[in-house]
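S.K.:
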Ligand SMILES: NC(=O)c1ccc[n+]([C@@H]2O[C@H](COP(=O)([O-])OP(=O)(O)OC[C@H]3O[C@@H](n4cnc5c(N)ncnc54)[C@H](O)[C@@H]3O)[C@@H](O)[C@H]2O)c1
């Protein structure tokens with residue numbers, strides 16, 4: 002019997018959007034701890050530099066370059082900076098995202114377009130910018146961070162859930178195309194449930210609010226996720242342990258979605 006492959010990213014180069022903090026920073030840590038090297042990109046320059054510095058202090062090879070995922074020319078520069086530093090790109094994590102809470106009656110067209118431009122078109126621009134580099138390198142793995150809101154919505158997830166459902170389906174189309182054309186590039190989406198990041202809580206002060214407690218109570222495992230638990234799944238999907246996995250949706254939500 003063949004041995005089960007364990008996640009190993011030794012020497013793999015990853016570009017992680019929104020990697021300055023939260024789930025993106027956890028992805029950078031998980032990838033580096035599996036032996037990979039990370040280029041963190043984000044709007045938040047000081048925070049991104051600090052995260053890269055913490056990774057280096059722990060002995061990892063991690064760097065930061067500023068990027069607004071809405072900026073197509075910026076994408077070309079970030080990809081060039083990554084290739085200049087590391088020589089290749091094996092892993093792309095499209096994690097940068099924002100959340101807008103509004104009902105179908107309250108949501109403005111401008112707010113809808115703004116979230117689409119980051120959550121959906123940011124990932125689109127990222128894939129288009131990185132795929133040629135991955136093809137030249139003989140393959141790669143793309144992980145798009147969606148959300149469990151692709152399955153579980155509320156009255157105020159009008160725009161957010163729509164962008165994440167679109168990310169999931171864009172992921173599948175890309176996965177099929179890149180498999181059928183023999184590129185060696187796999188594309189999957191990860192669907193976190195509630196995680197206690199600054200996106201969800203804003204600050205720790207909100208962690209005890211009744212609505213946050215109610216959200217926690219709805220989760221079969223009785224707790225929100227830790228960012229590291231998303232990072233571990235991203236590292237797995239990026240690794241050869243997931244060599245036959247493409248076009249998949251992986252939920253990381255303590256059982257919330259099937260509940
Ligand atoms: N926290 C959760 O409960 C949860 C649940 C499901 C999905 N998600 C998704 O996970 C991803 C990360 O979320 P998080 O909770 O870590 O949020 P966060 O707000 O802590 O981090 C998001 C990061 O993305 C960056 N970013 C935002 N817009 C950007 C842009 N235009 N260009 C570059 N960077 C940009 C931010 O500066 C920030 O560093 C998002 O896509 C989010 O939708 C989060």
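Numbering (our numbering), first residue to last: 2 to 260. Positions of the beta carbon are idealized from the N, C-alpha and C atoms, including for glycine. Predicted, not measured: the structure shown is a model, and the values here were computed from it.
First and last residue of the alpha helix (DSSP H) that includes residue 288?
M.R.: It is not possible to answer for residue 288, since the shown part of the chain is limited to 2 through 260.
S.K.: Report all residues from its chain with a CB closer than 7 angstroms to the CB of residue 247; omit the five preceding and five following residues, and keep chain order.
M.R.: Reading the chain shown from its first residue, position 246 is the one you call residue 247. Excluding positions up to five away in sequence, the list reads 176, 180, 187, 188 and 189.
S.K.: Does the region 79-90 come into contact with the region 51-60, if we say contact requires no fewer than three beta-carbon pairs (one atom in each stretch) closer than 8 angstroms?
M.R.: Output reads no: the region 51-60 does not touch the region 79-90.
S.K.: Between the C-alpha atoms of residue 136 and residue 214, what's the straight-line distance to the nearest angstrom?
M.R.: Here the question's residue 136 lines up with position 135 in the chain shown. Here the question's residue 214 lines up with position 213 in the chain shown. If I take the Cα positions, the gap works out to 46 angstroms.
S.K.: Return the Cβ separation of residue 95 and residue 18 in integer angstroms, given the expectation that the two are a contact with Cβ distance under 8 angstroms.
M.R.: Position 94 of the chain shown holds residue 95. Position 17 of the chain shown holds residue 18. Right, their Cβ atoms sit about 6 angstroms apart.
S.K.: Could you tell me whether the Cβ atoms of residue 142 and residue 92 are closer together than 8 angstroms?
M.R.: In the chain shown, residue 142 corresponds to position 141, counting from 1. In the chain shown, residue 92 corresponds to position 91, counting from 1. Result yes, Cβ atoms of residue 142 and residue 92 sit closer than 8 angstroms.
S.K.: How do the region 160-168 and the region 114-130 stand: do at least 3 beta-carbon pairs fall below 8 angstroms, yes or no?
M.R.: At 8 angstroms Cβ cutoff, the stretches touch.
S.K.: Mapping the DSSP letters down to three states, classify residue 99 as helix, strand or coil.
M.R.: As a position in the chain shown, residue 99 is number 98, starting the count at 1. Coil at residue 99, not helix or strand.
S.K.: Hey, which unbroken runs of the beta strand (DSSP E) at 3 residues or more fall wholly within the region 13-39?
M.R.: For the region 13-39, whole beta strand (DSSP E) runs of length 3 or above, ordered along the chain, are 14-18.
S.K.: Ends of the alpha helix (DSSP H) at residue 49?
M.R.: Numbered from 1 along the chain shown, position 48 holds the residue referred to as residue 49. Taken as a continuous stretch (DSSP letters only), the alpha helix (DSSP H) holding residue 49 covers 46-58.
S.K.: Could you tell me which residues DSSP puts in a beta bridge with residue 93?
M.R.: Taking the chain shown and counting its residues from 1, the one referred to as residue 93 is at position 92. Looking at the DSSP assignment, residue 93 forms a beta bridge with 16 and 143.
S.K.: Ligand 1 and residue 58: does any heavy atom of the ligand fall closer than 7 angstroms to the residue's C-beta?
M.R.: One-based indexing of the chain shown puts residue 58 at position 57. No.
S.K.: Could you name the residues of the same chain whose beta carbon sits closer than 7 angstroms to that of residue 154, not counting the 5 residues immediately before and after it, in chain order?
M.R.: Locating residue 154 in the chain shown gives position 153, counting from the first residue. Closer than 7 angstroms at the Cβ level, and outside the excluded window around residue 154, lie 162.
S.K.: Between which residues of its own chain and residue 251 is the CB-CB distance below 8 angstroms, once the five residues before and five after are set aside?
M.R.: As a working mapping, residue 251 is identified with position 250 in the chain shown. Counting only Cβ-Cβ distances below 8 angstroms, and skipping sequence neighbours, we find 189, 190, 191, 192, 234 and 238.
S.K.: Using the C-alpha atoms, what's the distance from residue 37 back to residue 61?
M.R.: By 1-based counting over the chain shown, the position of residue 61 is 60. By 1-based counting over the chain shown, the position of residue 37 is 36. Each residue's alpha carbon lies about 8 angstroms from the other.
S.K.: DSSP puts residue 41 in a beta bridge; with which residues?
M.R.: Here the question's residue 41 lines up with position 40 in the chain shown. Paired residue(s): 17 and 65.
S.K.: Applying the criterion that 16 or more other CB atoms from any shown protein chain within 10 Å of the CB defines a buried residue, is residue 171 buried or exposed?
M.R.: To locate residue 171, count along the chain shown from 1; it is residue 170. When all chains shown are included, residue 171 counts as buried.
S.K.: Between the alpha carbons of residue 279 and residue 42, how many angstroms are there, rounded?
M.R.: Residue 279 lies beyond the stretch modelled for the chain, which goes from 2 to 260, so this question has no answer here.
S.K.: Provide the residue span of the alpha helix (DSSP H) that contains residue 217, from first to last.
M.R.: Stepping through the chain shown from its first residue, residue 217 is reached at position 216. From DSSP, the alpha helix (DSSP H) with residue 217 extends over 211-218.
S.K.: Between which two residues does the alpha helix (DSSP H) harbouring residue 186 extend?
M.R.: For this step, residue 186 is matched to residue 185 along the chain shown. Taken as a continuous stretch (DSSP letters only), residue 186 belongs to no alpha helix (DSSP H), being part of the beta strand (DSSP E) at 186-193.
S.K.: In the DSSP output, what is residue 251 paired with across the bridge?
M.R.: Here the question's residue 251 lines up with position 250 in the chain shown. The partner list for residue 251 (beta bridge, DSSP) reads 191.
S.K.: Helix or strand or just coil, what does DSSP make of residue 75?
M.R.: As a working mapping, residue 75 is identified with position 74 in the chain shown. Here residue 75 sits in helix by DSSP.
S.K.: For ligand 1, any of its heavy atoms closer than 7 angstroms to the Cβ of residue 153?
M.R.: The residue labelled residue 153 in the question sits at position 152 within the chain shown. For ligand 1, not one heavy atom lies less than 7 angstroms from the Cβ of residue 153.
S.K.: Determine the closest residue to residue 33 out of 8, 131 and 222, with distance taken between C-alpha atoms.
M.R.: Reading the chain shown from its first residue, position 32 is the one you call residue 33. Cα-wise, what sits closest to residue 33 is 8.
S.K.: Consider the C-beta atom of residue 32 and the heavy atoms of ligand 1; say whether any pair is separated by less than 7 angstroms.
M.R.: The residue you call residue 32 lines up with position 31 of the chain shown. False, no ligand heavy atom lies under 7 angstroms from that Cβ.
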